[in-house]
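Peer 1:
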Amino acid sequence: MDQITTLQPNVTINNKPGAAVEENIVSMEEYLQRVRIQQMAIKTLSEELTHVLDLGEAVDVVNKYLWEIIDYSAATYIIYNIQEGRFEARSYLKESVSSQFLTQVKKELVEYIQKHSEEAIVGSAASISDLVPLIFGVVTDEFSKNNINSSFITPLRVGGKIVGALMVTSTKEDLYSKEEIEFADMLVKIASISVARIHTFIQSLHSRTETLVKSISDGVVMFDQNYQVTFANEAMMKYTGLPDEGYKLEELSRLFDDIKLMGLVKKSLKENIYIKIPRTQISRFWYELGVIPIVNYKGTVAGGAIILHDITSIVQIDTAKTEFVSLASHQLRTPLAAIRWYTEMLLSKGNDNLTSDQREFVEVILTSNKRMINLVNSLLNVSRLELGTFAVDPKNADLIEVTESALEELIPYAEEKKITLEKNYQENLDKLPLDIGLMSIIVQNLVSNAIKYSPEGNKVYLSVSREDARYIIRVKDSGYGIPIEQQQQIFTKLFRADNVKTKHTEGTGLGLYIVKSILDTVGGKISFKSKEGEGTEFVVELPVSGMKSREGIKPLEKYRVY
Amino acid sequence: MQDEKNKLLIVEDDEFLLNALERSFSEHGYDILKATDGEKGLSLALREHPDLILLDIVLPKMDGITMLKKLRKDSWGETAKVVMLSNLDRVDYQEASFENNASRYLVKTDWTLDQLTKKVLEVLSE
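First to last, the sequence lines map onto chains E and X. In terms of the numbering used here, the first sequence has 362 at position 362, counting the first letter as 1, and numbering is strictly consecutive. In terms of the numbering used here, the second sequence has 604 at position 42, counting the first letter as 1, and numbering is strictly consecutive.
1) Report the option in E:Ala337, E:Ala328, E:Asp218 and E:Val138 whose CA atom is closest to the CA atom of E:Glu288.
2) Are the segment 275-295 of chain E and the segment 322-340 of chain E touching, with three or more C-beta to C-beta distances below 8 Å?
3) Output the distance between the C-alpha atoms of E:Met237 and E:Leu252, rounded to the nearest integer angstrom.
4) Rounded to the nearest angstrom, how far is the Cβ of E:Val563 from that of E:Phe528, given a contact under 8 Å?
5) Grouping DSSP H, G and I as helix and E and B as strand, with all else coil, what is E:Trp341?
6) Rounded to whole angstroms, what's the CA-CA distance from E:Lys564 to E:Glu245? Just pull it up for me.
7) So what's E:Ile198 in DSSP terms, helix, strand or just coil?
8) Which first and last residues belong to the beta strand (DSSP E) in which E:Pro543 is found?
9) Does chain X have any CB closer than 7 Å to the CB of E:Glu251?
10) Using a 10 Å radius around the Cβ and a threshold of 16 neighbouring Cβ atoms, would you call E:Phe87 buried or exposed?
11) Counting only C-beta atoms, is X:Glu684 closer than 7 Å to chain E at any point?
12) Quick one, are the C-beta atoms of X:Lys569 and X:Asp599 less than 7 Å apart?
13) Using a 10 Å radius around the Cβ and a threshold of 16 neighbouring Cβ atoms, would you call X:Met629 buried or exposed?
14) List, in chain order, every chain X residue whose beta-carbon is nearer than 7 Å to that of E:Leu410.
15) Mind reading off the beta-carbon distance from X:Val645 to X:Val685? Whole number of angstroms is fine, and I expect it under 8 Å.
16) Check the DSSP bridge columns for E:Asn396 and list the partner residues they point to.
17) Return the chain-ordered ranges of every alpha helix (DSSP H) run that is complete within the segment 606-641 of chain X and spans a minimum of 4 residues.
18) How many whole angstroms separate the CB atoms of E:Leu109 and E:Ile153, which I take to be in contact at a CB cut-off of 8 Å?
19) Apply the 10 Å Cβ neighbour rule to X:Phe660 and answer buried if 16 or more other Cβ atoms are within range, or exposed otherwise.
20) For X:Gly639 and X:Leu617, I'd like the C-alpha separation in whole angstroms.
21) Tell me the DSSP bridge mates of E:Gln281?
22) Is E:Ser91 closer than 7 Å to E:Ile135 when the C-beta atoms are compared?
23) Distance cutoff 7 Å, beta carbons only. Does X:Val644 sit that close to anything in chain E?
24) Pick out whichever of E:Thr536, E:Glu537 and E:Met547 has its Cα sitting closest to the Cα of E:Asp520.
25) Check whether chain X comes within 7 Å of E:Ser124, counting only Cβ atoms and requiring the distance to be less than that.
26) Using a 10 Å radius around the Cβ and a threshold of 16 neighbouring Cβ atoms, would you call X:Ser605 buried or exposed?
27) Could you spell out where the alpha helix (DSSP H) holding E:Glu29 opens and where it closes?
28) CB E:Val376 to CB E:Leu410, shorter than 7 Å?
29) Between the segment 586-600 of chain X and chain E, which residues of the former have CB atoms less than 9 Å from a CB of the latter, in chain order?
30) Helix, strand or coil for E:Glu23? Go by DSSP, reduced to three states.
31) Would you mind giving the Cβ-Cβ distance between E:Val286 and E:Val315, rounded to the nearest angstrom? I have them listed as a contact below 8 Å.
32) Indicate whether at least one CB of chain E lies closer than 7 Å to the CB of X:Phe660.
33) For X:Val620, return the contacting residues in chain E, with the cut-off set at a CB-CB distance below 7 Å.
34) Return the Cβ separation of E:Val265 and E:Leu242 in integer angstroms, given the expectation that the two are a contact with Cβ distance under 8 Å.
35) What separation, rounded to the nearest whole angstrom, lies between the Cα atoms of X:Gln656 and X:Tyr667?
36) So with Cβ pairs under 7 Å, would you call E:Arg279 a contact of chain X?
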């Protein structure tokens with residue numbers, strides 16, 4: 001085939017020799033009509049393109065106009081998809097052509113792009129030649145549809161770079177006047193400018209975001225659908241020792257011993273969900289880790305990001321606190337236990353050697369000792385609650401069994417105060433997810449309060465039942481009750497009602513605060529009715545779905561309340 | 563003649579607590595063996611085969627949890643009755659104790675000597 005290059009630098013024309021492109025004789029009437037149609041097309045194309053975000057879509061729109069105005073067999077586009085970093089090809093067939101025809105079209109287009117596009121865009125020549133075009137139309141095996149007899153190519157530009165090309169081809173001979181080619185070129189240019197403008201806008205947004213992400217102290221790494229790292233900020237490189245891009249996520253994943261990062265990433269992208277790991281480790285440093293799917297403007301997941309937030313100093317503080325708490329509990333409780341046991345031996349029935357004054361004094365020592373034991377126990381737990389770091393780990397359990405086992409430890413206290421516990425359990429209750437440790441703390445606090453704030457010899461009622469979609473625990477006493485003006489404050493920390501402060505000195509004012517904190521966390525509720533001088537009833541509600549689990553740093557220590 | 567009395571091993575490093583426990587359990591008619599660290603506790607247990615071991619956790623030389631684990635590797639020690647008696651109520655220690663078949667986990671300050679004795683009697687009769 002001969003090649004005629006026109007004055008237009010971007011347009012290549014392939015025509016049969018002798019084709020008199022510029023000598024077509026048309027009537028003025030016809031000419032004006034064509035110009036009008038073309039002008040109208042250009043105008044409406046510009047309007048239509050204002051909603052179009054990528055070149056692929058723009059090409060669809062352009063083709064609609066070409067289809068109307070230009071005679072062709074196949075209009076074929078190869079475009080570099082900037083968002084996804086690869087080439088796409090589409091052939092729109094206005095009439096059937098053979099696959100040999102299309103192969104030739106592709107070959108010529110690929111050669112054109114390889115020649116005119118920048119190396120950075122073309123990347124490996126192999127990937128562009130392997131391209132399989134999407135074909136809209138009918139492919140035939142008729143021999144007569146094999147030959148390209150008229151054609152022209154016009155480039156697609158974004159930001160001064162050639163990012164693709166359109167090839168219009170026909171099995172007919174002698175088509176495509178200069179005017180038609182200019183028109184097609186014009187349409188493509190309009191489409192390119194429109195898309196380029198949007199890209200410039202997106203890039204300016206992107207560069208602002210990138211500057212921000214680069215400078216933050218959290219480590220950020222972004223990757224594509226193939227888990228290939230495309231970006232990592234400085235903090236990430238510092239935390240991981242890995243380069244800024246161009247490696248596979250598996251390498252990053254291997255740095256974590258305690259989590260399977262690849263699994264989390266795949267889950268996050270597959271289900272389009274944000275995954276947060278409160279605590280993980282790379283060598284001796286601790287991080288909070290988040291995996292975020294990144295969706296493109298079409299709403300489909302195009303990759304993701306991993307964010308590492310350094311919590312090493314928080315973990316160190318928490319470890320120091322846990323160690324302190326352990327140490328304090330051990331160091332304080334050893335002498336407290338010695339004082340308790342020796343004073344008890346002094347007061348034991350077999351020991352008649354004490355005068356009544358001596359006995360009274362030793363009893364004071366014992367009472368004070370018990371208060372201190374109580375205080376130590378409460379402080380250990382409040383420190384944990386305050387941080388909000390206790391874990392909720394529900395397992396399927398029988399609420400009555402858990403309640404009974406919690407009560408067991410209160411029996412000596414009830415006996416000491418001559419309080420009878422009356423229990424009423426609904427039969428055949430289904431198991432539900434409960435954190436047994438936390439459930440015990442709730443039951444023990446409420447029942448020990450009921451015992452503590454009842455006069456000797458009274459009764460305490462406890463019931464467990466199911467009412468509709470809730471499990472209900474009621475703890476009722478006929479003790480001192482809570483003064484009405486103070487009922488608002490009973491769940492606040494260190495609150496103790498005036499009427500019992502004088503009667504009972506051993507309360508810490510922490511019990512109900514702890515119970516309320518736990519129930520708020522696990523999805524339960526607590527309410528009460530009380531009348532001073534008549535008693536109090538607490539009602540705990542749990543949903544039948546049980547306690548909500550929560551990952552925490554440590555379980556709450558077993559809380560002792562008496 | 564075989565000794566009819568129950569033999570009790572107390573592993574506790576605080577002298578005052580150890581003496582109080584010894585005194586209380588002797589009064590209830592137990593033969594008492596004493597050890598003030600985990601290593602001595604383990605060798606005494608394996609030699610004397612006590613009916614029950616009262617075992618502290620924070621101990622010199624070898625801590626109580628380690629001693630318990632080592633005890634469970636012995637053919638006699640595998641089924642020996644052990645009551646943990648500690649000042650620590652950390653859940654991880656409790657779990658480790660129960661995973662190694664401790665019969666009870668008691669916090670010292672929670673109990674009077676009388677109550678402790680009752681608990682131990684309970685375990686002995688199980």
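For each residue, glycine too, the CB sits at the ideal point set by N, CA and C.
Peer 2: Taking the structure as given:
1) E:Asp218
2) no
3) 11 Å
4) Nothing can be reported for residue 563 of chain E, as the shown portion of chain E is limited to 1 through 562.
5) helix
6) Coverage of chain E is limited to positions 1 through 562, which leaves residue 564 of chain E absent and any answer about it impossible.
7) Looking at E:Ile198 - three-state DSSP - the assignment turns out to be helix.
8) Gly535 to Pro543
9) no
10) buried
11) no
12) no
13) buried
14) Ordered by position in chain X, no residue passes the 7 Å Cβ test against E:Leu410, which lies about 11 Å from the chain.
15) 6 Å
16) Secondary-structure assignment with DSSP links E:Asn396 through a beta bridge to E:Pro433.
17) 626-634
18) 7 Å
19) exposed
20) 14 Å
21) E:Trp286
22) yes
23) By this cut-off, X:Val644 is not an interface position.
24) E:Met547
25) Because the pLDDT at E:Ser124 is just 49, under 50, the model does not fix this residue reliably, and the point stays unresolved.
26) X:Ser605 comes out exposed.
27) Met28 to Leu49
28) no
29) For the segment 586-600 of chain X, which is checked against every Cβ of chain E, the residues closer than 9 Å are Ser586 and Glu589.
30) With a pLDDT of only 49 at E:Glu23, under 50, the local geometry of the prediction cannot be trusted, and the value read off the model is given with reservation. It is helical.
31) Before going on, a small fix: residue 286 of chain E reads as Trp here, not Val. That belief holds up - the Cβ atoms of E:Trp286 and E:Val315 are roughly 4 Å apart, short of 8 Å.
32) No, X:Phe660 lies away from the interface with chain E (no Cβ there is under 7 Å from its Cβ).
33) His330
34) Actually they do not touch by this definition, with Cβ atoms about 15 Å apart.
35) 7 Å
36) No, E:Arg279 lies away from the interface with chain X (no Cβ there is under 7 Å from its Cβ).
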